[in-house]
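Residue numbers (my numbering), protein chains in the order written: chain A, 179 to 426; chain W, 458 to 535.
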């Protein structure tokens, strides 16, 4: 143990993010059942469990499951309405789907030995670029060429307008990148930090501190998981608002 | 790879400074929100969404620094 420590940690803190086939050791094809797909499926089943089975009774006095569902539904509905306005409510199902998937895969990943789908940049990039493409297409369909007014600040001084337009275009195209990397990076960073502390817990001298550290970071992660799902959703709403009302 | 292992590790450490810079940004956002919220508590509730967006933007750059650090550590430096 002692001589292993000189070369760094005993185990790799990023080993937990390797996508492995669930059965056998074959190469990972697009149809292979991996730990990633397993945990995505568990997240979907949990969502179905809470929202379809849990609120099937439609009781006037809600059961526990039903009140969780109502709480989340009401929260997201109010957020969409506040940020995008009345005409954005049409797109509420999409935003709700994004939020639920991210929230549930974030929280299920906090179970020890589980795999977090949202720590893969591939997964979050699909979500982020999906939002980007939907919003851009929607902006052009609803507003036509007027959507380009988003980049042309009509209340800025005339000399500055082209420069601002260039900056705006760049920042528009960086959006999906930062949108997806923010989520994946936060989740991955949190899990890697937990793993690093777990590595220190193997040393007898610092193990009490390391275990306390794990508890503290875990508590922080519970917060971060919720906040990141919220942030992803509210940024989707902000981008949607830009598409619906480009000229401000 | 052009960057040798040892140098890549030093670079990873330097890139991790970016996380600290992002921490300053997050602290500024949250601190200013709190200062504003204590002056006018009735307006605070409406601004929580803005607070979280600001926090997310500040934090994302720290995450980028962390990613560069990880890449140097494990992808380039090996």
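Even glycine gets a Cβ: it sits at the ideal position worked out from N, Cα and C.
Query, Result
"Determine contact between the stretch 523–530 of chain W and the stretch 480–496 of chain W, defined as no fewer than three beta-carbon pairs at a distance below 8 Å.", "no"
"Going by beta carbon distance, what residues of the same chain come within less than 8 Å of residue 334 of chain A, once the five residues before and after it are set aside?", "342"
"Residue 284 of chain A: buried (16+ other C-beta within 10 angstroms of its C-beta) or exposed?", "buried"
"So with Cβ pairs under 8 Å, would you call residue 301 of chain A a contact of chain W?", "no"
"Please check the pair residue 422 of chain A and residue 262 of chain A, which I expect to be a contact at CB under 8 Å, by giving their CB distance rounded to whole angstroms.", "6 Å"
"At a cut of 8 Å, does the stretch 246–266 of chain A reach the stretch 401–413 of chain A through at least three beta carbon pairs?", "yes"
"By DSSP, does residue 386 of chain A sit in helix, in strand, or in coil?", "helix"
"Under 8 Å between C-beta atoms, does residue 524 of chain W make it to chain A?", "yes"
"Residue 405 of chain A versus chain W: which residues are under 9 Å apart at the beta carbon?", "509, 512, 513"
"Spell out whether any CB of chain W is found under 8 Å from the CB atom of residue 363 of chain A.", "yes"
"Could you please give me the residues that DSSP links to residue 212 of chain A through a beta bridge?", "A:199"
"Roughly how many angstroms separate the alpha carbons of residue 305 of chain A and residue 408 of chain A, rounded to a whole number?", "14 Å"
"Quick check: what's the CA-CA separation for residue 245 of chain A versus residue 277 of chain A?", "17 Å"
"With residue 296 of chain A and residue 365 of chain A assumed to form a contact (beta carbons below 8 Å), what rounded beta-carbon distance in angstroms separates them?", "5 Å"
"State the Cα-Cα distance for the pair residue 192 of chain A and residue 370 of chain A, rounded to the nearest angstrom.", "6 Å"
"For residue 517 of chain W, go through chain D and note every residue whose CB falls closer than 8 Å to its CB, in chain order.", "Absence of chain D from the displayed structure is noted, the protein chains being A and W."
"Which of the three DSSP states, helix, strand or coil, is assigned to residue 234 of chain A?", "coil"
"Under the three-state reduction of DSSP, which class applies to residue 181 of chain A: helix, strand or coil?", "The pLDDT assigned to residue 181 of chain A is 38, lower than 50, so where the model puts this residue is not dependable; a value taken from the coordinates is nonetheless given after this. Residue 181 of chain A: helix per DSSP, three-state reduction."
"If we count the other Cβ atoms within 10 Å of its Cβ and call it buried at 16 or more, is residue 469 of chain W buried or exposed?", "buried"
"Taking the CB atoms as reference points, tell me whether residue 379 of chain A and residue 388 of chain A lie closer together than 8 Å.", "yes"
"For residue 360 of chain A, collect the residues of the same chain with a Cβ closer than 8 Å to its Cβ; drop the 5 residues on either side in sequence, then sort them by chain order.", "406, 409, 410"
"Could you spell out the range, first to last residue, of the alpha helix (DSSP H) harbouring residue 314 of chain A?", "299–321"
"From residue 302 of chain A to residue 367 of chain A, what does the alpha carbon distance come to, in whole angstroms?", "15 Å"
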